[in-house]
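Numbering (numbering that gives the first Met the number 0), first residue to last: 0 to 137. Encoded as structure tokens, the structure appears first; notes follow it.
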Amino acid sequence: MGQLNQIGLVGNLTRDPELKYTNEGVAICELGLAVSRKWADKEGKETENVDFFNISCWNNMAENCASSFKKGDRVLINGHMNLRSWENKEGKKFNIINITADIIAASLEFNKIIYDKEDTDFIKGDEGSKKNKEKVKV
0 MGQLNQIGLV
10 GNLTRDPELK
20 YTNEGVAICE
30 LGLAVSRKWA
40 DKEGKETENV
50 DFFNISCWNN
60 MAENCASSFK
70 KGDRVLINGH
80 MNLRSWENKE
90 GKKFNIINIT
100 ADIIAASLEF
110 NKIIYDKEDT
120 DFIKGDEGSK
130 KNKEKVKV
């Protein structure tokens with residue numbers, strides 16, 4: 000029987016994306032995401048619950064997220080969950096679930112994207128590679 004570890008979320012960024020680099024020079028971006036759910040109870044009273052998620056993305060996606068998104072932006076995320084466990088000096092165990100994003104996209108539900116036809120510079124190259132990149136005109 001196959002295994003499945005996939006999650007899809009739509010929510011708002013709770014803080015500006017934080018871009019870091021590993022010792023090997025690999026980009027990692029950390030994001031906070033708030034996902035709200037609204038429903039009406041039996042009496043018709045509206046109730047809202049908000050869940051908060053820690054999201055990480057890597058390589059080109061990390062750099063693109065850091066330069067493109069800001070706190071409050073509505074985004075769609077598809078990725079997989081990771082469980083990190085550790086023990087402190089006193090022997091207390093901790094667990095945290097983090098989501099590694101495979102896809103991040105801007106939501107057009109409340110915003111629009113404006114394409115600048117005058118800006119025709121694009122980067123072309125292998126994904127995740129800082130080598131072999133060249134500017135091309137289209």
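The beta-carbon is built from N, C-alpha and C at its ideal position, and this holds for glycine as well. As the structure is a prediction and not an experimental result, all values here were calculated from the model.
{"Item": "Taking all protein chains shown into account, decide if Val74 is buried (16 or more other Cβ within 10 angstroms of its Cβ) or exposed.", "Value": "buried"}
{"Item": "Going by DSSP in three states, Glu45 sits in which element: helix, strand or coil?", "Value": "strand"}
{"Item": "Who are the near neighbours of Asn48 in its chain, counting only those whose CB is closer than 6 Å to its CB and skipping five residues on each side?", "Value": "Arg36"}
{"Item": "For a minimum of 3 consecutive residues, which ranges assigned as the beta strand (DSSP E) are wholly contained in the segment 38-109?", "Value": "45-57, 73-86 and 92-105"}
{"Item": "Return the CA-CA distance between Ala26 and Ala100, expressed in angstroms with no decimal places.", "Value": "13 Å"}
{"Item": "So, with DSSP's three-state summary, where would you put Glu23?", "Value": "coil"}
{"Item": "When you compare only the Cα positions, how much space is there between Met80 and Leu107?", "Value": "25 Å"}
{"Item": "Leu12 by DSSP, collapsed to three states: which one?", "Value": "strand"}
{"Item": "Might you give, ordered along the chain, the residues of its own chain that have their beta carbon closer than 8 Å to the beta carbon of Glu86, omitting 5 neighbours on each side?", "Value": "Lys92 and Phe93"}
{"Item": "Provide the residue(s) that pair with Leu30 in DSSP beta bridges, ordered along the chain.", "Value": "Ile54"}
{"Item": "Please determine, among Asn63, Lys69, Tyr20 and Thr46, the residue with the shortest C-alpha to C-alpha distance to Gly10.", "Value": "Lys69"}
{"Item": "If you draw a straight line from the C-alpha of Gln2 to the C-alpha of Pro16, how long is it?", "Value": "31 Å"}
{"Item": "Going by other Cβ atoms of all chains shown within 10 Å of its Cβ, with 16 needed for buried, is Leu32 buried or exposed?", "Value": "buried"}
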